[in-house]
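1 is the number of the first residue of the first sequence in the working numbering; add one for each residue after it.
Ideal Cβ positions, reconstructed from N, Cα and C, are used throughout, including at glycine.
Scroll down for the structure; my scribbles are underneath it.
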Amino acid sequence: MLLPIHEALRAALRSAITRLYGIDGDAMPSIAVQMPPNRGMGDLAVPVAFELARIARKAPRQIAQELADDLGPVDGVAAVEPAPNGYVNVFLDRVAFLTGRAGVADPEPAADPNGPKTIVEHTAINPNKAAHIGHLRNAVLGDTLGRLLRFQGRRVEIQNYIDDTGVQVADMVVAFRELESMTPADIEARAAQPDFDYYCWDVYAKVTEWYEADPARLALRAQALHALEAGGNEMADTAAVIAERIVRRHLATMARLHIGYDLLTWEGDILRLKFWSRAFDILRDAGVMTRPETGKLAGCWVMPIEDAAAEDGENASGDADEPREKVIVRSDGTVTYVGKDIAYQFWKFGLLGTDFHYRRFVETSDPPLWATSSTPSEGAPPSFGQADAVYNVIDTRQAYLQDLLAQALQAMGHTSQAERSVHFSYEMVTLSHGAARALGFTEIDTTRPFVEVSGRKGLGVKADDLLDRLADAAGHEVVKRNPDLTTDESSQIARVIATAAVRYFMIKYSRGKVIVFDIDEALSFEGESGPYLQYAVVRAANIFRKLHERTGLDEAAVVASLASLPGDALARGEGDDLWGLVLEAARLDEVVDQALRGLEPSVLAKYAFGLAQAFNAFYHRAPILKEEQVDLQRWRAAAALYFKTQMTRTLTVMGCDVPSRM
RNA sequence: GCGCCCGUAGCUCAGCUGGACAGAGCAUCGGCCUUCUAAGCCGAGGGUCCCAGGUUCGAGUCCUGGCGGGCGCGCCA
């Protein structure tokens, strides 16, 4: 854990800079702490002398020398040396560091139950069909973001928005009645089947084609949509059955990936509890929303928007200087999606002045899963909403709409909330031509670089299918290597591996990169993959298992023996290799910090891979069991132990477990 | 038309608030299992960091202008 050392070093450097050059306050340059290219040069490096060179009118080299001489003792630091080119290089106290940390769990700080709360909303899959790989990217990114925040001790509430009254569910109601000729009782019976989400996947594709064959049929969709929004009718009841059942299927799929939620927010409750009318009053009374008397938007309630991208393409040249407006309430009095979202966003920040009712959605889960409700709460729900910061995990195509949410907050004068209303965006998952072909789709436009996933067309890789294939492949490998395992054991391990494979695949790309999904690549357990990371930890664990079997020495005994050992194995020069692994393992807190500053979970994934690589190299170079020199053996074991602890924590932040064997 | 994102090795991608040598995985080729599990390790080849200017002691990284690709811009969600 390096951040405390970084801070101590910065503080010491700042006072040295003030002493030596009289620089203070705003004139103080920010002090970056980096890592030198190799351990021989040092463990930390500070390039601040380059910047000071201008102010102090001295050569960087000389400044670095003066800083190193003047610095004084810093906790955990053994030596400070100026580099010929001007860096200040810092060497940590290796023996003290490893002795103090091997075998120590370094537990994450517990969140202050009264501290500021961060809401992360993710997943939000339309409850009308099975989840696919595009949804997986959303859920894995969102879940990992939540874990990163919790690692830093932040109080986090995970919400999953359920659009149970939208077009997609309405389409299913239409499809079941018109195409499948099913009664409400038929639908209820079918929905009880475990494969209901897969069944809906196909029916949804069918109804899309059915609409296309005769656009007049879209009137039925509009009719169903109105019935859903109104509620209290047969179609709405049917929709509720479909949505609830599909949501439970989605929860099961996500549970396979260790993804869970604190609250399911149902759009139907937002409608029934009239959240929108509250938001409407607030926006209208503040004059943020107005109603033009003339023009093409006459009779609508509109909000001015700042984004030039909103301009209608057809008249772009005509009235470019006109203020742009977004329709929030249509001239027929119905509210748009944006309006409902504004109301929801206001509620998240505790700015709506009203609240949901709540019910337990899953009785047995831990932590408990709650859902919003329109009828008075049962049990004793915790306080939801009231957030200090909100992250909405939604793909980049919604950037414009998400920007409107912050604008609405800003327009109401909620400046700090607007700043903390973050669209955590990411690019979409698409299919390679080969993957689309493998799914049986023949009409592929090969002039385009990839094929877009489409739930409407039924074109996409289902999440459960991907997990099943990965678990099959992993199970095969596990059995090959561990023939003594029972079927239960090997399939349990296979599931753990499959989860890591999917999760790692979904966060290893930076958010802004389009993922072109290729099945062979996703099924690979070699190289930069989740299983590679797990394998490294399993190897480390095996060392300790065998060490205990052969010598009776356990982890605690190794740790206890360190204090009385000579530290030569860690000495500068010959110990650089061993120390390099320890230092890399120590970076986790710094890496988490970096991942959050950049809102970029892939930073954590890359670090995890590099750490596993470092251990695997160490594993081959530095044997432990057969090392006869006791001090060397123990220090190596201590390094392996620290690696095992840190890598396990890293995997936990990524939502992955470590298998008992592989 | 306007806005956002992407452009680094054959392919897929890293490169932290500008800073020590442009790296990894896959693929190709060559080594390493009577050894703590080869889901691994070691080595080799492979790059005008899209182009052109600019800022800077220093630019893959920042600015401007292009080029190529993707996505947005609705009284849909």
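*asked:* DSSP three-state label for Pro531, please.
replied: DSSP places Pro531 in helix when its eight states are reduced to three.
Exercise for the section: In angstroms with no decimal places, state the Cα-to-Cα distance between Ala79 and Gly475. Expected result: Pairing Ala79 with Gly475, the inter-Cα distance amounts to about 50 Å.
Gln152 and Tyr261 - do their beta-carbons sit closer together than 8 Å?
The answer is no: Cβ separation not under 8 Å.
| query | With respect to the beta strand (DSSP E) encompassing Leu160, which residues constitute its N-terminal and C-terminal limits? | reply | Checking the displayed sequence, the identity of residue 160 turns out to be Asn instead of Leu. Boundaries of the beta strand (DSSP E) harbouring Asn160: 155–162, taken from the DSSP string.
Legend entry - Three-state secondary structure assigned by DSSP to Tyr442: Here residue 442 turns out to be Thr, not Tyr, going by the sequence shown. Thr442 falls in the coil class under three-state DSSP.
Using DSSP's beta-bridge definition, name the partner residues of Asn89. Partner(s): Ala45, Glu81.
| task | From the DSSP output, in three-state form, read off Asn38 for me. | result | Here Asn38 sits in coil by DSSP.
Discussion item. Between which two residues does the beta strand (DSSP E) holding Val33 run?
Written reply: If you look at Val33, you'll find it isn't in any beta strand (DSSP E); DSSP assigns it neither H nor E.
- Query: Span of the alpha helix (DSSP H) holding Pro4?
  - Reply: Counting along the chain, Pro4 sits inside the alpha helix (DSSP H) bounded by residues 3–21.
What's the gap between the Cα of Gln34 and the Cα of Ala170? C-alpha separation (whole angstroms): 55 Å.
Quick check on Tyr426: does DSSP put it in helix, strand or coil? Three-state result, Tyr426: strand.
Contact check, Ile162 vs Val247 under 8 Å by CB: the rounded distance?
-> Contact holds; Cβ gap of about 6 Å.
* Whole-Å CB distance - Val502 paired with Leu145, under 8 Å assumed -> The Cβ separation is near 17 Å, so there is no contact.
Tyr358: which of Met662, Asp269, Ser277 sits nearest, CA to CA? Distances from the alpha-carbon of Tyr358 to those of Met662, Asp269, Ser277 put Asp269 closest.
**Message:** Please report the distance separating the alpha-carbon of Gly575 from that of Ala139.
**Reply:** Cα-Cα distance, rounded: 42 Å.
Review point. Does the separation of the CB atoms of Pro127 and Ala298 fall below 8 Å?
Key: Not a contact, by the Cβ cut-off of 8 Å.
Which class does Pro292 belong to by DSSP, given the choice of helix, strand or coil? In the structure shown, Pro292 sits in coil (DSSP, three-state: anything other than H, G, I, E or B).
### Query
According to the Cβ coordinates, are Ala387 and Phe349 closer than 8 Å?
Cβ distance < 8 Å, so Ala387 and Phe349 count as in contact.
For this session: Identify every residue that forms a DSSP beta bridge with Phe517.
Result: Phe517 pairs with Leu431.
- Determine the DSSP secondary structure at Ile125, reduced to helix, strand or coil. Coil at Ile125, not helix or strand.
With distances taken Cα to Cα, identify the nearest neighbour of Phe275 among Glu229, Ala175, Thr354.
-> Cα-wise, what sits closest to Phe275 is Thr354.
Could you tell me which whole beta strand (DSSP E) segments of length 3 or greater appear in the stretch 236–297?
Listed in chain order, the beta strand (DSSP E) elements of length 3 or more contained wholly in the stretch 236–297 are 263–266.
| query | Where does His250 land, buried or exposed, given buried means 16+ other C-beta within 10 angstroms? | reply | It counts as buried.
Are the stretch 3–14 and the stretch 66–78 in contact at 8 Å, needing three or more beta carbon pairs?
-> A contact exists between the stretch 3–14 and the stretch 66–78.
Should the stretch 80–91 be regarded as contacting the stretch 110–123, the criterion being three or more beta carbon pairs within less than 8 Å?
For the pair of segments examined, the stretch 80–91 was found not to touch the stretch 110–123: the number of CB pairs separated by less than 8 Å stays below three.
Exercise. DSSP puts Leu459 in a beta bridge; with which residues?
Worked result: Per DSSP, the beta bridge partners of Leu459 are Ser454.
Query raised in the report: Can you name, in chain order, every residue of its own chain whose Cβ lies under 6 Å from the Cβ of Leu98, other than the five neighbours on each side?
Result: Only Val582, Ala638 meet the Cβ criterion.
Does Leu2 pass the burial test, meaning 16 or more other C-beta atoms within 10 Å, or should it be called exposed?
By the neighbour-count rule (16 or more Cβ atoms within 10 Å), Leu2 is buried.
Original post:
Rounded to whole angstroms, how far is the Cβ of Ile543 from the Cβ of Leu625, which I believe are closer than 8 Å?
Top reply: Contact flag correct, Cβ pair sits at about 7 Å.
Based on the DSSP output, what are the partners of Glu325 in its beta bridges?
-> Looking at the DSSP output, Glu325 bridges to Pro304.
Measure from the alpha carbon of Ala498 to the alpha carbon of each residue in Ile444, Ser524, Gly287, Asp488, then state which is nearest.
Proximity to Ala498 across Ile444, Ser524, Gly287, Asp488 peaks at Ser524, based on C-alpha coordinates.
Distance between beta carbons of Pro304 and Arg324, contact taken as under 8 Å
That belief holds up - the Cβ atoms of Arg324 and Pro304 are roughly 7 Å apart, short of 8 Å.
| request: Decide if Ser564 is buried, meaning its Cβ has at least 16 other Cβ atoms within 10 Å, or exposed. | output: The residue in question, Ser564, is exposed, as its Cβ has fewer than 16 Cβ neighbours within 10 Å.
If you reduce the DSSP assignment to three classes, tell me which class Ser421 lands in. The answer is strand: DSSP assigns Ser421 an E or B state.
Using DSSP with H/G/I as helix, E/B as strand and the rest coil, what is Ala668? The structure shown does not extend to residue 668, since the chain is modelled only from 1 through 662, so no value can be given for it.
Practice prompt. With DSSP as the reference, please indicate the residues paired to Lys117 in a beta bridge.
Written response: For Lys117, DSSP records a beta bridge to Arg155.
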